[in-house]
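The structure under discussion appears below in the form of structure tokens.
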Amino acid sequence: MWDQFEKFSCNTKNGPLSARYIRAPKDLPTETKKELLRLLLPVACEAFHQDANTAFSQDVYQHLFSWEGLIVVLQNDTPVAFRMWQVFPSDHGGILYLAGMCVQAAFQRIGIGESLLRYVMNMYLTDQNRYTVLRTQNPSMKKCFDAAVGGLSYPNGKQLPRDILDVGITIARQLGDREYYPNTLISRGAYQGSLYGTELASVNEASYMEVFNQINRDQGDAVFCIWKSPIK
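Here you go:
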């Protein structure tokens, strides 16, 4: 199954894990898509505390095969994490949108998220494509994002520059967010409810909690985290 896809190493605090880069997953044969769903659904169920019911399975299928790229992290050929992404055009160049990531509980907090973020950003970010966007309900994801980019993404308590406002609006339109507030980077009702099923643990930094205390996860609210890479 995995040998047909490009192999690379996902570096973690516990040593490297094998990973696969799947280009254009939406163009894969139907049987390959079904097999990938079978293998990846348990990871999504655990990450989001969901049952493998028909509705959730369909949602995972839609997310896996609607994006430009998919990465799967393996241990002994068994998936333990995956991430999707898409590059959207804009007046400010290509915008790298990080569409979603799932990591099994036993493999969290060892740097998988940061490693995958860096891998994708190294492929796509250039002097012409400098923006990366993450939409999330989870302050820990913003903290992971900031660690990967090596800086503090917006929102961060500072006034939002014009280009950051524009990038947020562009991605909100691409995602079909109907109640997006550019000046706060908050999207109300972006999801059908909380993606995590239970109350999330807070992070220690007040700057993170100040942002995420403004959203109602049960109502599906989310925060856009936006990073502008410095010119190389």
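Residues 282 to 513 (our numbering) make up the sequence shown, in order.
Just so you know, even glycine gets a beta-carbon here, dropped at the ideal spot from N, CA and C.
In this text the structure is predicted, and so the values were computed from the model without any measurement.
- Burial of Q418 is indicated by the presence of at least 16 other C-beta atoms within 10 angstroms of its C-beta.
- By the neighbour-count criterion, in which 16 or more other beta carbons inside 10 Å mark a residue as buried, T413 falls on the buried side.
- Only buried fits I352, as 16 or more other CB atoms lie within 10 angstroms of its CB.
- The distance from the Cβ of L398 to that of A429 is about 4 Å, consistent with a contact at the 8 Å cut-off.
- If you draw a straight line from the Cα of L345 to the Cα of Q339, it comes to about 10 Å.
- Uninterrupted alpha helix (DSSP H) stretches at least 4 residues long and entirely within the region 416-465 occur at 420-430 and 443-456, given in chain order.
- For K509, DSSP records a beta bridge to Y412.
- For G381, the uninterrupted beta strand (DSSP E) run begins and ends at I376 to V384, by DSSP.
- The Cβ neighbour count for Q440, taken over all protein chains shown within 10 Å, is under 16; the residue is labelled exposed.
- Assignment of beta-bridge partners to L355 by DSSP yields S299 and P360.
- A straight-line Cα-Cα distance of about 32 Å links M402 and A336.
- In this structure, G457 keeps its C-beta atom at 8 Å or more from the C-beta atom of Q500.
- Residue pairing by DSSP places M365 opposite L351 and G381 in a beta bridge.
- Distance from the CA of G296 to the CA of S421, rounded to the nearest whole angstrom, comes to 22 Å.
- Within the same chain, no Cβ atom closer than 6 Å to the Cβ of Y400 is found once the five residues on either side in sequence are excluded.
- Look at the beta carbons and you see the region 309-320 not touching the region 368-386: under three pairs across the two are nearer than 8 Å.
- M282 sits exposed, since fewer than 16 C-beta atoms from the chains shown fall within 10 Å of its C-beta.
- Within the same chain, and ignoring the five residues on either side of R304 in sequence, the residues whose Cβ sits closer than 7 Å to its Cβ are G350.
- For E327, the enclosing alpha helix (DSSP H) starts and ends at T311 to F329.
- Taking the CA atoms as reference points, L406 sits about 8 Å from S510.
- For E287, no alpha helix (DSSP H) run applies; the uninterrupted beta strand (DSSP E) run containing it begins and ends at E287 to C291, by DSSP.
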